[in-house]
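Q: One rule links them: number in the numbering used here = place in the sequence shown (from 1) + 187.
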Amino acid sequence: MVFDVPDEVPFMSALFTTNLMMKRLAVGFSFFHAGALVESMWFAGAKPKFIKKVLSPNSKAELEALINNPQTYIKDFPHAIKVLNQLGFRDVVQFAKGTGLQISTPEDIGFDRFYYNLRGIDTALKRHFGISTGGKAEKVFKWFDRITWDRVFTQAKLHTFLTALNKRTILGKPNAMQIIPGDSQAAIYQKATQASQFANDAFGGQNWENIANRIQTPWLKSIMQTTFAPGSRGYMQLLMFAPDWTISNVRIIAKSLPAFESDPGLRRMYQYYFAKAALTYAAAGSVLNYIFSGHSILENTDPTRIDLGDGEVLTFSKQLMEPFHWITAPQATGLKKIGSLPRVVIETLTNKQYLTTKWSPNITKKDDEAIEKGLKIGGHVGRRFLPIWLQTATQNVSEGLKRDGLSADLAADTAVDFVLGQLGHPRYQGPRYTQYKTKGLVRSPYETLF
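(1) Tell me which residues share the same chain as Phe415 and place their Cβ nearer than 6 Å to its Cβ, disregarding the 5 neighbours each side in the sequence.
(2) Shortest alpha-carbon distance to Lys240 belongs to which of Val339, Gln377, Trp576?
(3) Following the continuous beta strand (DSSP E) through Ile493, name the residue where it begins and the one where it ends.
(4) Apply the 10 Å Cβ neighbour rule to Phe219 and answer buried if 16 or more other Cβ atoms are within range, or exposed otherwise.
(5) For Met209, which residues in the same chain have their Cβ closer than 8 Å to its Cβ, ignoring the five residues on either side in sequence?
(6) Can you tell me which of the three DSSP states Met364 falls into?
(7) Buried or exposed: which applies to Asn167, given that a residue is buried once 16 or more other Cβ atoms fall within 10 Å of its Cβ?
(8) How long is the line joining the alpha carbons of Ser200 and Trp229, rounded to whole angstroms?
(9) By DSSP's criteria, Ile514 is part of a beta bridge. Which residues make up the other side?
(10) Rounding to the nearest angstrom, what Cα-Cα distance links Val629 and Asp497 in this structure?
(11) Using the three-state DSSP reduction, which class does Ile402 fall into: helix, strand or coil?
(12) Rounded to the nearest angstrom, what separates Thr404 and Asn397 at their Cα positions?
(13) Can you tell me whether Phe428 is buried or exposed? The criterion is at least 16 other CB atoms within 10 Å of its CB, across all chains shown.
(14) Since Glu499 is in the beta strand (DSSP E), which residue starts that stretch and which ends it?
(15) As a quick exercise: from His346, Thr347, Ile366, Leu345, pick the residue whose alpha carbon is nearest that of Arg355.
(16) At the level of alpha carbons, what is the spacing between Lys560 and Leu542?
(17) Which residue comes first and which comes last in the alpha helix (DSSP H) that contains Trp330?
(18) Compare the beta carbon distance of Asp337 and Ala324 with 9 Å and say whether it is the shorter of the two.
(19) Can the beta-carbon of Arg492 be found closer than 9 Å to that of Phe479?
(20) List, from N- to C-terminal side, the alpha helix (DSSP H) runs of 4 residues or more that fit wholly inside the stretch 438-501.
(21) Quick one: is Ile695 buried, meaning 16 or more other Cβ sit within 10 Å of its Cβ, or exposed?
(22) Give the DSSP bridge partners of Thr356, in chain order.
(23) Comparing C-alpha positions only, which one of Ala373, Gln381, His346 sits nearest to Asn362?
(24) Near Asp370, which residues of its chain fall below 6 Å by C-beta distance, leaving aside the five closest residues on each side in sequence?
(25) Taking only three categories from DSSP, how would you classify Asn549?
(26) So, for Leu425: in the same chain, excluding its five sequence neighbours on each side, which residues have a beta-carbon less than 8 Å away from its beta-carbon?
(27) Can you look up Lys210 in the DSSP assignment and give me helix, strand or coil?
(28) For Ile525, does the three-state DSSP call read helix, strand or coil?
(29) Using only CA atoms, which one of Thr488, Leu507, Glu509, Gln506 lies nearest to Val500?
(30) Since Glu226 is in the alpha helix (DSSP H), which residue starts that stretch and which ends it?
(31) DSSP three-state call for Lys234: helix, strand or coil?
(32) Given a cut-off of 9 Å, decide if Gln506 and Ser227 are closer than it, judged by their beta-carbon atoms.
(33) Grab the span of the alpha helix (DSSP H) containing Val279 for me, first residue to last.
(34) Between Pro548 and the rest of its own chain, which residues show a CB-CB distance below 7 Å, the 5 nearest in sequence each way excluded?
(35) Among all the DSSP beta bridges, which residues are the ones paired with Lys539?
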């Protein structure tokens, strides 16, 4: 793919495609995105009944009915829909899209390119090795995509958008974004634009043009207009693993502060999201931390992660904690956000199994023979094309087989990794600050040292 191109433009296109395939495969075969979207639904104020309805297999028919007949939403949002109808806005979906709500699949998912290249890989394997999935791998990917993007993503954003326009109060005060009789078309458009921006920030899928144009500082506005232009976003997606999701996560928390959002009515909506997310983490996160480690989450080395009591940690909510990780550990967070292709290149060049500001084990050892080094490097690069949950599971299986052979504990660990990975909450080893395994000296000095 990369070595068959004659000039610069196809070369860069090949790099973009390789990076896209690595990213899509990394989060593939799992509800990595869907789990995060469900969490955002809860933080944004969706009721459990609605969340259950979205996750129900019957929700596909309801979504199709909404698109074909937007008036079906009037029973859930009678006040907002009635005012919109009076002013001639009868198609709620088109109205939402016209105010900036992005309900199509985020562009860095790359549906067409991904499936085109997936078929190409399947054809190449069949031609050269006689191996073919018969289109089954594509069907599995499309099944996950339909649930994640067609069902959860679309319904969640439309519901959040209309809730913001229909809700009477937020945190005990009148909702300044509520549409009321007597509002002019200009006032309704302004409120709807704010509601669409909140929904975009809560679930990702940004309207890049609107973000750039809202910036008031001339020099910063010029930079962002260039960065967010269609021709530049490919480079942004190459350098960062998920720029849309990262920017959305930062905005949804930062805009709850006056320094980042001057409109008090819109800011209150962000404050509601932040308050509900924080209370959820304080309650559920503390309970989980006590169960696994026996102490308060505030006693953790990193209170933004749940201590599993065995040297492993679990991120409770990526979208809630990511802004705090940028503040408490900007270098480490920045390294984690590097794009898939640049990441594996840097890891290979620096001979590190993963990028971190702490200690990281080498891919190869100094006394490895050339063939052994090649196999280790090739295995490391190949593993980066696997889903994240499968990368974790294969590493644990490999280490477990070396240590204990086949065991019930190994099977249990693999099952746990599968479940957590499917839900988008893979567990990781806590950071090591040295090449020496000092944490094990107290528990088992002989095993740790020798």
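Heads up, the beta-carbon is just placed ideally off N, CA and C, and yes, glycines get one too. Everything numeric in this text was worked out from a predicted model, so none of it was measured.
A: Based on what the coordinates show:
(1) In the sequence shown, residue 415 corresponds to position 228, counting from 1. Answer for Phe415: Trp395, Ala399, listed in chain order.
(2) Indexing the sequence shown from 1 puts residue 240 at position 53. Cα-wise, what sits closest to Lys240 is Val339.
(3) Along the sequence shown, one-based indexing puts residue 493 at 306. Where Ile493 is concerned, the enclosing beta strand (DSSP E) stretches over 492-494.
(4) Walking along the sequence shown from the start, residue 219 turns up at place 32. The residue is buried, with at least 16 neighbouring Cβ atoms inside 10 Å.
(5) By 1-based counting over the sequence shown, the position of residue 209 is 22. If you ignore the 5 residues before and after Met209, its C-beta comes within less than 8 Å of the C-beta of Ser527, Leu528, Val531, Arg571, Phe572, all in its own chain and listed in chain order.
(6) Against the sequence shown, residue 364 aligns to sequence position 177. Met364 falls in the coil class under three-state DSSP.
(7) Given a span of 188 to 637 for the chain in the structure shown, any question on residue 167 remains unanswerable.
(8) The sequence position of residue 200 within the sequence shown is 13, counting from 1. The sequence position of residue 229 within the sequence shown is 42, counting from 1. Between Ser200 and Trp229, the C-alpha separation is close to 38 Å.
(9) By one-based count along the sequence shown, residue 514 stands at place 327. Ile514 pairs with nothing; no bridge assigned.
(10) Walking along the sequence shown from the start, residue 629 turns up at place 442. Walking along the sequence shown from the start, residue 497 turns up at place 310. The predicted model places Val629 with a pLDDT of 48, which falls under 50 and marks its position as unreliable, so this point remains unresolved.
(11) One-based indexing of the sequence shown puts residue 402 at position 215. Coil.
(12) On the sequence shown, position 217 is the one that residue 404 refers to. On the sequence shown, position 210 is the one that residue 397 refers to. If I take the Cα positions, the gap works out to 15 Å.
(13) One-based indexing of the sequence shown puts residue 428 at position 241. Its Cβ being crowded by 16 or more others within 10 Å, Phe428 is buried.
(14) Taking the sequence shown and counting its residues from 1, the one referred to as residue 499 is at position 312. Counting along the chain, the beta strand (DSSP E) containing Glu499 begins and ends at 499-502.
(15) Within the sequence shown, numbered from 1, the residue matching residue 355 stands at position 168. When each option's Cα is compared against that of Arg355, the closest is Ile366.
(16) Position 373 of the sequence shown, counted from the first residue, corresponds to residue 560. Position 355 of the sequence shown, counted from the first residue, corresponds to residue 542. Their backbone Cα atoms lie some 19 Å apart in a straight line.
(17) Position 143 of the sequence shown holds residue 330. Unbroken alpha helix (DSSP H) run through Trp330: 323-332.
(18) As a working note, residue 337 is residue 150 in the sequence shown. As a working note, residue 324 is residue 137 in the sequence shown. Cβ atoms of Asp337 and Ala324: not closer than 9 Å.
(19) Taking the sequence shown and counting its residues from 1, one reaches residue 492 at position 305. Taking the sequence shown and counting its residues from 1, one reaches residue 479 at position 292. Not in contact: Arg492 and Phe479 (Cβ atoms no closer than 9 Å).
(20) As far as the stretch 438-501 is concerned, its whole alpha helix (DSSP H) runs of at least 4 residues are 451-467, 473-480.
(21) Any property of residue 695 remains undetermined from this structure, which presents the chain solely from 188 to 637.
(22) Within the sequence shown, residue 356 is the residue found at index 169, counting from 1. DSSP output for Thr356 lists Pro361 as bridge partner(s).
(23) Stepping through the sequence shown from its first residue, residue 362 is reached at position 175. Considering only alpha carbons, the answer is Gln381.
(24) By 1-based counting over the sequence shown, the position of residue 370 is 183. There are no such residues.
(25) In the sequence shown, residue 549 corresponds to position 362, counting from 1. Of the three classes helix, strand and coil, the one that applies to Asn549 here is strand, per DSSP.
(26) Indexing the sequence shown from 1 puts residue 425 at position 238. Excluding residues within five positions, the ones whose Cβ falls inside 8 Å are Leu202, Phe203, Asn206, Gly526, Leu528, Pro529.
(27) The residue labelled residue 210 in the question sits at position 23 within the sequence shown. Here Lys210 sits in helix by DSSP.
(28) For this step, residue 525 is matched to residue 338 along the sequence shown. If DSSP states are grouped into helix, strand and coil, Ile525 belongs with the strands.
(29) Position 313 of the sequence shown, counting from 1, holds the residue named residue 500. Minimum Cα distance to Val500 is reached at Thr488.
(30) Here residue 226 is taken as the residue at index 39 of the sequence shown, counted from 1. That run of the alpha helix (DSSP H) goes 219-230.
(31) On the sequence shown, residue 234 is found 47 positions in, with the first residue counted as 1. Residue state, collapsed to three classes: coil.
(32) Looking up residue 227 in the sequence shown gives position 40. Looking up residue 506 in the sequence shown gives position 319. Yes, they are a contact pair.
(33) Counting from 1 along the sequence shown, the entry for residue 279 is found at position 92. Where Val279 is concerned, the enclosing alpha helix (DSSP H) stretches over 279-285.
(34) On the sequence shown, position 361 is the one that residue 548 refers to. Same-chain partners within the cutoff: Gln540.
(35) As a working note, residue 539 is residue 352 in the sequence shown. DSSP, once it has assigned bridges, lists Asn549 as partnering Lys539.
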